[in-house]
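Participant: Heads up: take any position in the sequence shown, counting from 1, add 42, and you land on this note's numbering.
Glycine included, C-beta positions come from ideal geometry on N, C-alpha and C.
For reference, the structure I am asking about is given below.
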Amino acid sequence: MSTARVHVSALSATVNHLRLRPTTAVSPNCFNTHSRKPLRVSMSSVPPSEPVEIAVKASLTTPNTLGDCPFSQRVLLTLEEKHLPYEAKFVDLSNKPEWFLQISPEGKVPVIKFDEKWVPDSDIITQTLEEKYPSPPLVTPPEKSTVGSKIFFYIYRISQEQRSQ
């Protein structure tokens with residue numbers, strides 16, 4: 043486990059910045075940085091020192107560029123958002139190379155290398171990335187996962203009430 047030290051410092055405090063009313067009194071001691079203790083942040087894992095190897099679908103028209111595979115794009119976006127170094131290998135799925143069939147016998151992309159083992163399936167890959175590298179978190183919290191369905195239900199209910207009138 044690694045630990046990073048973050049020193050908290052006071053931001054500039056102006057009347058506009060804090061949206062203070064003219065009658066508000068502010069103590070000068072509230073911005074004293076000498077009495078503040080450093081904040082300790084712990085991370086469960088550190089980003090890999092070597093780039094992660096990943097095989098993704100190549101474009102049909104432009105060589106050595108990403109193709110139109112949403113599963114590959116999802117994993118690459120996860121790697122980008124987590125600021126993890128990676129080395130993408132572009133695979134022409136119409137003419138699969140032998141090295142690719144050795145690491146992915148089913149011939150599916152994306153495939154990523156975790157601890158000397160090649161892992162297929164974008165769901166498993168993104169879940170593993172989230173577990174191994176939790177910062178920044180990309181998983182939707184359970185309390186927010188139903189927001190969209192609640193909105194659609196509300197709209198549906200209103201439309202049903204309007205029809206019955």
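DSSP puts Ile96 in a beta bridge; with which residues?
Facilitator: Ala130 and Ile154
Participant: For Val181, collect the residues of the same chain with a Cβ closer than 7 Å to its Cβ; drop the 5 residues on either side in sequence, then sort them by chain order.
Facilitator: Glu172
Participant: Once DSSP output is grouped into helix, strand and coil, what is the label at Lys124?
Facilitator: When DSSP states are grouped into helix, strand and coil, Lys124 belongs to the coil group.
Participant: So Val117 packs on Thr168, CB below 8 Å; how close in whole Å?
Facilitator: That pair is a contact at about 6 Å.
Participant: List the endpoints of the continuous alpha helix (DSSP H) containing Val189.
Facilitator: Val189 to Ser206
Participant: List the residues that DSSP assigns as beta-bridge partners of Trp160.
Facilitator: Lys155
Participant: Counting C-beta neighbours from all protein chains within 10 Å, is the total for Tyr198 16 or more, i.e. buried, or is it exposed?
Facilitator: exposed
Participant: Taking only heavy atoms of the ligand ADP into account, decide whether any of them is closer than 6 Å to the Cβ of Thr107.
Facilitator: In terms of ligand content, the structure shown is empty, and the ligand ADP therefore cannot be addressed.
Participant: Taking the alpha carbon of Cys111 as the reference point, which residue from Glu122, Lys99 and Thr104 has its own alpha carbon closest?
Facilitator: Lys99
Participant: Leu143 lies in the alpha helix (DSSP H); which residues open and close that run?
Facilitator: For Leu143, the uninterrupted alpha helix (DSSP H) segment begins and ends at Glu140 to Ile145.
Participant: Tell me, to the nearest whole angstrom, how far the beta carbon of Glu95 is from that of Lys150; I am working on the premise that it is less than 8 Å.
Facilitator: With a Cβ gap of about 16 Å, Glu95 and Lys150 do not count as contacting.
Participant: Determine the contact status of Thr15 and Ser114, defining contact as a CB-CB distance below 7 Å.
Facilitator: With the chain covering only 43 through 207, there is no way to say anything about residue 15.
Participant: Mapping the DSSP letters down to three states, classify Leu108 as helix, strand or coil.
Facilitator: Looking at Leu108 - three-state DSSP - the assignment turns out to be strand.
Participant: Does the separation of the CB atoms of Ser119 and Tyr128 fall below 7 Å?
Facilitator: According to the sequence as given, residue 119 is Leu; it is not Ser. In this structure, Tyr128 does not lie closer than 7 Å to Leu119 by Cβ.
Participant: Just the Cα atoms here: how many angstroms apart are Pro152 and Gln207?
Facilitator: 52 Å
Participant: In whole angstroms, give me the CA-to-CA distance for Ile145 and Pro105.
Facilitator: 21 Å
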